[in-house]
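> Chains as they are written, first to last, in the numbering used here: chain A, 1 to 515; chain B, 1001 to 1498. Quick reminder that beta carbons are idealized off the backbone N, C-alpha and C, glycines included.
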Amino acid sequence: MASIDHSVLTWILLLPAFGAVVAALLPERGKLVQSWTLLIALATFGLTLHLPAHFDYSHGGFQFEINRLWIVSPPIRYHLGVDGLSVWLVVLTGFLAPIGVLASWRVIDTRIKEFYSLFLLQQTAMLGVFLALDLMVYYAFWELSLVPMAILIAMFGRDPGSRTSSRAAIKFFLYTFIPSALFLVGILALYARTGTFDYVELKAALIQNPTLFSPPALWVISLSFLVAFAVKVPVFPLHGWLGDVFSEAPTAMAMVVAGKLGLYSLIRFHIGLFPFESRRVAHWMIMLAVLGILYGALVALVQNDLKRLLAFGTVSSLSFCTLGIYTFAINGLDGAVFHILSESITGGALLVLLGVMYERYGTYDIERYGGLAARTPQLATLFVVTMLALIGLPILNGFVGEFLTLSSGFATSHLWGALGTVGVILSAAYMLWMVQRVFYGPESPLVHRSPAHDLAPREHLALWPMAVLMVIMGVFSPYWIRAIDRGVHSLSNTPALNHPGAALLSSQSHEGEAQ
Amino acid sequence: MHLACILPEVILTLAGVLIMLVDPLLPRTASRKPTGWFSVLAMVAAFAASAWQLHLAPGTAYYGVVQTDAFSVFFHLLICGTVLVALLAAIDSVRPEAHDMGEFFALILLGTVGMLLMTSAVELLLVFIGLEISSISTYILAGFRRRSGKSIEASIKYFLLGSFATAFFLYGIALTFGATGTTRIAAIAAALPHTTTPILAWTAVGLILIGLGFKVSAAPFHVWTPDVYEGAPSPVVALMSTAPKAAAFAVLLRIFYGAYPSIQQHWWSLFWVLAAVSMTLGNLAALRQQSVKRMLAYSSIAHAGYLLVAFTSFSLQGIAAASFYALCYVAMNVGIFAVISHVGGYDDHLWSITDYRGLAYRSPVLCGAMAFFLLSLIGIPFTGGFFAKFYVFSAALQQGMFGLAIIGLINSGIAAFYYLRLLTALYSKPAQGSPVLAVPRMSITLGLAILLSASATLLLGVVPRSSLDLAQRGAGTLFQTGHPAQAAVQVVNDAPSQ
Chain A
1 MASIDHSVLT
11 WILLLPAFGA
21 VVAALLPERG
31 KLVQSWTLLI
41 ALATFGLTLH
51 LPAHFDYSHG
61 GFQFEINRLW
71 IVSPPIRYHL
81 GVDGLSVWLV
91 VLTGFLAPIG
101 VLASWRVIDT
111 RIKEFYSLFL
121 LQQTAMLGVF
131 LALDLMVYYA
141 FWELSLVPMA
151 ILIAMFGRDP
161 GSRTSSRAAI
171 KFFLYTFIPS
181 ALFLVGILAL
191 YARTGTFDYV
201 ELKAALIQNP
211 TLFSPPALWV
221 ISLSFLVAFA
231 VKVPVFPLHG
241 WLGDVFSEAP
251 TAMAMVVAGK
261 LGLYSLIRFH
271 IGLFPFESRR
281 VAHWMIMLAV
291 LGILYGALVA
301 LVQNDLKRLL
311 AFGTVSSLSF
321 CTLGIYTFAI
331 NGLDGAVFHI
341 LSESITGGAL
351 LVLLGVMYER
361 YGTYDIERYG
371 GLAARTPQLA
381 TLFVVTMLAL
391 IGLPILNGFV
401 GEFLTLSSGF
411 ATSHLWGALG
421 TVGVILSAAY
431 MLWMVQRVFY
441 GPESPLVHRS
451 PAHDLAPREH
461 LALWPMAVLM
471 VIMGVFSPYW
481 IRAIDRGVHS
491 LSNTPALNHP
501 GAALLSSQSH
511 EGEAQ
Chain B
1001 MHLACILPEV
1011 ILTLAGVLIM
1021 LVDPLLPRTA
1031 SRKPTGWFSV
1041 LAMVAAFAAS
1051 AWQLHLAPGT
1061 AYYGVVQTDA
1071 FSVFFHLLIC
1081 GTVLVALLAA
1091 IDSVRPEAHD
1101 MGEFFALILL
1111 GTVGMLLMTS
1121 AVELLLVFIG
1131 LEISSISTYI
1141 LAGFRRRSGK
1151 SIEASIKYFL
1161 LGSFATAFFL
1171 YGIALTFGAT
1181 GTTRIAAIAA
1191 ALPHTTTPIL
1201 AWTAVGLILI
1211 GLGFKVSAAP
1221 FHVWTPDVYE
1231 GAPSPVVALM
1241 STAPKAAAFA
1251 VLLRIFYGAY
1261 PSIQQHWWSL
1271 FWVLAAVSMT
1281 LGNLAALRQQ
1291 SVKRMLAYSS
1301 IAHAGYLLVA
1311 FTSFSLQGIA
1321 AASFYALCYV
1331 AMNVGIFAVI
1341 SHVGGYDDHL
1351 WSITDYRGLA
1361 YRSPVLCGAM
1371 AFFLLSLIGI
1381 PFTGGFFAKF
1391 YVFSAALQQG
1401 MFGLAIIGLI
1411 NSGIAAFYYL
1421 RLLTALYSKP
1431 AQGSPVLAVP
1441 RMSITLGLAI
1451 LLSASATLLL
1461 GVVPRSSLDL
1471 AQRGAGTLFQ
1481 TGHPAQAAVQ
1491 VVNDAPSQ
C-alpha cells in the first residue's frame, strides 16, 4: 500500500477528469452515461477513503505529498498534499458526488453528456482546490471550479435556457471572478518578493523574513485574499449571488456551490499565511458572521420559495463556520471545520429532498404544498430528520459544530456569542414553520390532485447514507475532530510576539480594550 | 548561406507567384481548392524551414539587414502556424463560386512573406517594406466580398487609415535617421546616447509608436478595428486579427528594446498610458456590442492593451511575456474566428449574440470549441489565455507596476461579463426555427483548423514550458543586442532565484 501513497492524490484528481472526457465521448444510449458517471464517482470516493484510512495522526504536516516541478520559470510546482484540515473535506467531496449523480438520474433528461461530463469536471476542480499546495495550481483549480458550474446553471436552470438562468450563471461567475482577479494580484505580489508560489515555502518565508513586505502592503495583500474567499463562502454582505444560484442551479450543483471551498481557503490561506493580518480583522469577521447568522435566518423566515429559503438558511448556517474560524480558538476552528462537513451533508440532503418534491409536484412554492406527510410518510420522515440536523438538535451532526463555534464565540465576546445563539432559535423557527406548512395541516389542492409516489429505491439510495451519517457524526464526532485537530492546531497558537506584525496586533487589541 | 536566413520567405514567395501564374490558366469554372491545398503545403514547408533555422548560428545576412535568431524564429513559427490555421479555415468557408479564390490564397501567402520579413528585419526600411507588403494584401483581402457594401467600406476604411498610419511610421524612421545617421537597429542603439539632437529621437519614438499602434489596434488608434472586422469576411478576419498583429508586436519589441533602450525612461510611460487606455476602452466598448464580430474586435483591442502591459516592464521577462502573450492570443483568436466563419456563414447571416443562442443544441462539438476559446479569452486556467495574462502581469509586478496590474486584472473581470454573455447564449435553448439550427455540418478542413488551434490553446495552458523557453531565448537575444550591459546584470540577478 505504501506505493500508492505517493500517487493516490494524482489518481483522485485525474480520475474524474478522465471520466469527464470519456462521458463526453459515450453514446447517449439508455442510462449508459449516468452509470458511467456513477461508477467514476464511486471509484473516486473509494480512493478518497484511502486517505483517512492511512492517515498518520502523529504527524502534523502534509501527507501523501507529491511535489514536482511543473513549470521552471516561474517556478510553479505540482505540489499536492493533505493534512488534518483538508483530509475530510476531500472525502466529503468524494462522498457527495455519487449522491449528486443519483439526484440527477431522472431530472436531467436532455443534453445528458454535457451535464455529466461537466459534473465530473467540477469534481476535479473542487478536489484540486483542496489538494493543491502551490498557490498557482490552487488558483487554477479555484478558477476552473467556476466554469462547469456557470455553464450548468445556464443550461439546466429551473426554466432551462431562459434569461433568468443565464443571468444567474453570469452573476455567479462575476461575483467570484472579479475578486479573484485582485486575489491573483495578491498572489503575484507575494511571488514578486519571495520568488515562490509554494504554500509551505511561502509560509516559512513570511514568518522568517518579516521585513520582506511593509505592514501596509501585506495588509492589502491579505485583504485581497480575504475578499475573494469571503465571496465564495459567502460571508454576510457578499451573499448576493447565492439566492439566484440556489434557485436556478440543478440539485447536484447547488449541493456543492456554497461553503466548503471558501471556508477551507479562509482557513488555509488567509489565516495560514497571514496570522497577524487575519487577527486584525477577526472582530470584524465575527461581527459579520453573527450578522450573517441573524440576517440569513430572518430573511429565510419570510421566504415563500423553498429553495430561496434554503439559500438564506445556508448563509445563516455557514456563518457559524466563519464565527468559529475567527475566534482563533482551537474549539472554534475544530467546530468550524466539522460544521463545514455537517452542513454540506445536511444541506445537500435537504436539496436532494427538495429536488424529489419538485420532481413530483413541479413547484418550490411553499403555499402550494400542505399535508404532504399523510401521503408520503417516508419522504416526510427523512425531511424531518434532516431538518432537525440542520437546526442543531443534539445527537445529530449539526449540534456539534454549532456548539463548538458558539461556545468559543462566547468566550471571545459575550455580546456576539449571545446574539449568535439567538440565531439558533431563529433557524429552528423558520425550519419548523416551513415543515409545518409543507407537511402538516390540510392537504393542499396540488397535493390532493397529484398521485402520491413515496420515495423510489434510487432516492432511498441517495438519502439514507446521508441520514445515517448525520446520526453517526452527531454521536461519534471525536473521530472526525481528531484529524481536524491536527490540522488546525498550529493555526490557533498565538504567533511569536517578536514579529513586527505582532506590534500592530497588540496596539490594536489595546485599542479594543480601551473601547 | 544568406539564402538560408530568408528561406521561409523564399518558399512562400515562390508558392504565391506560382499560384498567381497558374490561376489564369485554369478554366473559369474549375475549382480553385487545389490552390488552397498547395498553399497549405507551402505554409507547412515554411513552418518547417523556420524551425530548421533554429539550428543556424544566429547572424545577419544581406549586408546586415536581416537577422535570424531565436526571436525571429519564434515569431516565424507563430505566424506560419497561425496562417496555416487560417488557410485551413478558409478553404471551405470561402464560397466556391468565388472563382478568384486562387488570388485569395496567393494574397495570403504574399502577405505572410511581409509579416515574416517584419519579424526578421533589423533595418528599419526593410521593416517598413515588410509592413507594406503585409498591409496591402490585407487591404485587398478585407474587401474580398465584392458584392457586399460593408466589405468594400471596410476595405477602403482600412486602406485610408492604414496608409496614414504607415506614413507616421515612415516619418519616424526619417527622424531616427536624422538623429542617429543610420537605420540599422543595432547601430541606432549605439549612436543614440551620443546624439546631439535627442528631441528628434523622442519625436521619432512617438511617431513610430503611432504607426505601429494603429497596426496592433491599440487605443486611441483603434477606431478602424470594429468596422473592418465587421465588414471583412470572417476567414479574412481570422487572419488579419492575428498574424499581422503579432508581426507588428514583434517589430515594436525589436525597435523599442533593440534600438531605443537608452531612452527607455522616455517611452515607458507612453506604453503605460496606451496599455491602460486600450484595456479599459476596449472592454467597456465591448460590453455594449450586439454583434459577435464587433464584440471580438473590441476584445482584441483590450488584448492588445494587456500585451502592451508587458512593454512597461523593461526586463527580459517583459519581452518573453509579450512574445508568449502574442502566441496565446493568436492561437485562441484564430480559433474563434474559424468557428465564426463557419457558424456565421460567408455572408454573416448569423451575426448577433441572440443569433448564436442554442448553438449547443445544433452542434455540440463546434459549440464546445467556441466555449473553450471564449474561456481562454476570459483567462481561465488550463488555457493559454490564463498563462499569457499571468506572465504579463507577473512581469509588470516584478517591476513594481501595481497600478497597471490592478487596472489590468479588474479589466479582465469586466471582460468576463461580455464573453459570458455569449457563452451562456451558446448554451441556452434556441428559439423555435432559429437559423442557428440550420448551421451546416463542419467540413474536415475546418475541423482540422479548429482542432489545431484548440490543442495549441490547451497545450499552452497546460505545458507552456517549451514555447516559453523559446520565447525566453528570443527575449535573451533581443535584450542583449539592445543593452548588453544590462542584460548581463539581469542574468546575474536571475541566477539565484532559479
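(1) Cα-Cα, which of Gly355(A), Asp334(A), Ser247(A) and Ala230(A) is closest to Gly84(A)?
(2) With DSSP collapsed to three states, give me the class of Asp334(A).
(3) Assuming Ala1240(B) and Thr1138(B) form a contact by the criterion Cβ under 8 Å, report the distance between their Cβ atoms to the nearest whole angstrom.
(4) Verify the CB distance criterion: does Pro1226(B) have a CB-CB separation below 9 Å to chain A?
(5) Rounded to the nearest angstrom, what separates Phe97(A) and Val1236(B) at their Cα positions?
(6) Would Leu1452(B) be called buried (16 or more neighbouring beta carbons within 10 Å of its own) or exposed?
(7) CB Val90(A) to CB Thr176(A), shorter than 9 Å?
(8) Quick one: Cα of Tyr358(A) to Cα of Thr251(A), how far?
(9) What is the DSSP secondary structure of Glu1123(B), counted as helix, strand or coil?
(10) Check this for me: beta carbons of Gly347(A) and Thr314(A), under 9 Å apart or not?
(11) Candidates Ala181(A), His79(A) and Tyr361(A): which alpha carbon is nearest Gln63(A)'s?
(12) How would you list, in chain order, the residues of chain B whose beta-carbon sits under 8 Å from the beta-carbon of Tyr139(A)?
(13) With DSSP run on the structure shown, which of helix, strand or coil describes Pro1008(B)?
(14) Give the straight-line distance between the Cα atoms of Leu1124(B) and Val256(A), rounded to the nearest whole angstrom.
(15) Grab me the residues of Ile271(A)'s own chain with a C-beta within less than 6 Å of its C-beta, minus the 5 sequence neighbours each way, in chain order.
(16) Interface residues of chain A around Gly1384(B) at Cβ under 7 Å?
(17) Return no unless some Cβ of chain A is closer than 9 Å to the Cβ of Pro1364(B).
(18) I need the boundaries of the alpha helix (DSSP H) containing Gly1059(B), first residue and last residue.
(19) Is it right to say Trp480(A) is buried, meaning 16 or more other beta carbons lie within 10 angstroms of its own, or is it exposed?
(20) On the DSSP letters alone, give me the boundaries of the alpha helix (DSSP H) that Asn1411(B) sits inside.
(21) Touch check for the region 1296–1314 of chain B and the region 1258–1277 of chain B: three-plus C-beta pairs under 8 Å?
(22) Between Ala1326(B) and Leu1078(B), how many whole angstroms is the CB-CB distance? I'm expecting something under 8 Å.
(23) Taking its Cβ as the centre, do 16 or more other Cβ atoms sit within 10 Å of Ile99(A), making it buried, or is it exposed?
(24) Cβ of Gly1517(B) less than 9 Å from any chain A Cβ?
(25) Sorted by chain position, which residues of the same chain lie with C-beta nearer than 7 Å to Phe172(A)'s C-beta, five sequence neighbours on each side aside?
(26) By the DSSP assignment, the alpha helix (DSSP H) with Ile391(A) in it spans what residues?
(27) Cβ closer than 7 Å: which chain B residues qualify as neighbours of Pro74(A)?
(28) Quick one: what does DSSP say Arg360(A) is sitting in, helix, strand or coil?
(29) Does any CB atom of chain B fall closer than 9 Å to the CB of Phe246(A)?
(30) For the putative contact between Ala41(A) and Val101(A), defined by C-beta atoms under 8 Å, what is the C-beta separation to the nearest angstrom?
(31) Along chain B, which residues have their Cβ under 7 Å away from the Cβ of Ala192(A)?
(32) Is it buried or exposed, Ala374(A), if we count other Cβ atoms within 10 angstroms and call 16 or more buried?
(33) Within the same chain, show all residues whose beta-carbon is closer than 6 Å to that of Val1122(B), passing over the 5 residues directly before and after it, in chain order.
(34) Going by the CB atoms, is the gap between Leu206(A) and Phe274(A) shorter than 9 Å?
(35) What does Glu114(A) reach in chain B if we use C-beta pairs closer than 9 Å?
(36) Expressed to the nearest angstrom, what Euclidean distance is found between the alpha-carbon atoms of Met126(A) and Gly94(A)?
If we stick to the structure as given:
(1) It is Asp334(A).
(2) In the three-state DSSP reduction, Asp334(A) falls in the helix class (H, G or I).
(3) Residue identity check: residue 1240(B) is Met in the sequence provided, not Ala. Correct: roughly 5 Å between the Cβ atoms.
(4) Taking a beta-carbon distance threshold of 9 Å, Pro1226(B) does not count as an interface residue toward chain A.
(5) Note that residue 97(A) is Ala in the sequence shown here, rather than Phe. The straight-line gap from Cα to Cα measures roughly 46 Å.
(6) Classification for Leu1452(B): buried.
(7) With a cutoff of 9 Å on beta-carbon distance, Val90(A) and Thr176(A) are scored as not near each other.
(8) Roughly 10 Å separates the two Cα atoms.
(9) In the three-state DSSP reduction, Glu1123(B) falls in the strand class (E or B).
(10) With contacts defined as CB atoms closer than 9 Å, Gly347(A) and Thr314(A) qualify as a contacting pair.
(11) Scanning Ala181(A), His79(A) and Tyr361(A) for the CA closest to the CA of Gln63(A) turns up His79(A).
(12) Under the 8 Å cutoff, chain B gives Pro1381.
(13) Three-state result, Pro1008(B): helix.
(14) Distance between the alpha carbons of Leu1124(B) and Val256(A) is about 58 Å.
(15) Ser278 and Leu491, listed in sequence order.
(16) Among the residues of chain A, none has a CB under 7 Å from the CB of Gly1384(B); the nearest is roughly 13 Å distant.
(17) Judged by the 9 Å Cβ criterion, Pro1364(B) is in contact with chain A.
(18) Not the alpha helix (DSSP H): Gly1059(B) falls in the beta strand (DSSP E), residues Gly1059 to Ala1061.
(19) Counting the other CB atoms within 10 Å of its CB gives Trp480(A) a total of 16 or more, which places it among the buried residues.
(20) In this chain, the alpha helix (DSSP H) harbouring Asn1411(B) covers Phe1402 to Leu1426.
(21) By the Cβ test, the region 1296–1314 of chain B is in contact with the region 1258–1277 of chain B, since at least three Cβ pairs between them sit closer than 8 Å.
(22) Rounded, the Cβ-Cβ distance is 7 Å, consistent with contact.
(23) Buried, because 16 or more other Cβ atoms sit within 10 Å of the Cβ of Ile99(A).
(24) Absent from the model: residue 1517(B). The displayed extent of chain B is 1001 to 1498, so no value can be given.
(25) Around Phe172(A): Met149, Ala150, Ile153, Trp241 and Val245.
(26) Run containing Ile391(A): none; DSSP gives neither H nor E here.
(27) Against Pro74(A), the close residues of chain B are Ser1394, in the order they occur along the chain (beta-carbon pairs closer than 7 Å).
(28) Three-state DSSP puts Arg360(A) in a helix.
(29) With 9 Å as the cut-off, Phe246(A) does not count as an interface residue toward chain B.
(30) Right, their Cβ atoms sit about 5 Å apart.
(31) Per Cβ cutoff of 7 Å: Leu1397 and Gln1398.
(32) It counts as exposed.
(33) Counting only Cβ-Cβ distances below 6 Å, and skipping sequence neighbours, we find Gln1067 and Ile1185.
(34) Result yes, Cβ atoms of Phe274(A) and Leu206(A) sit closer than 9 Å.
(35) Ala1360, Pro1364, Gly1368 and Tyr1427, listed in chain order.
(36) Roughly 10 Å separates the two Cα atoms.
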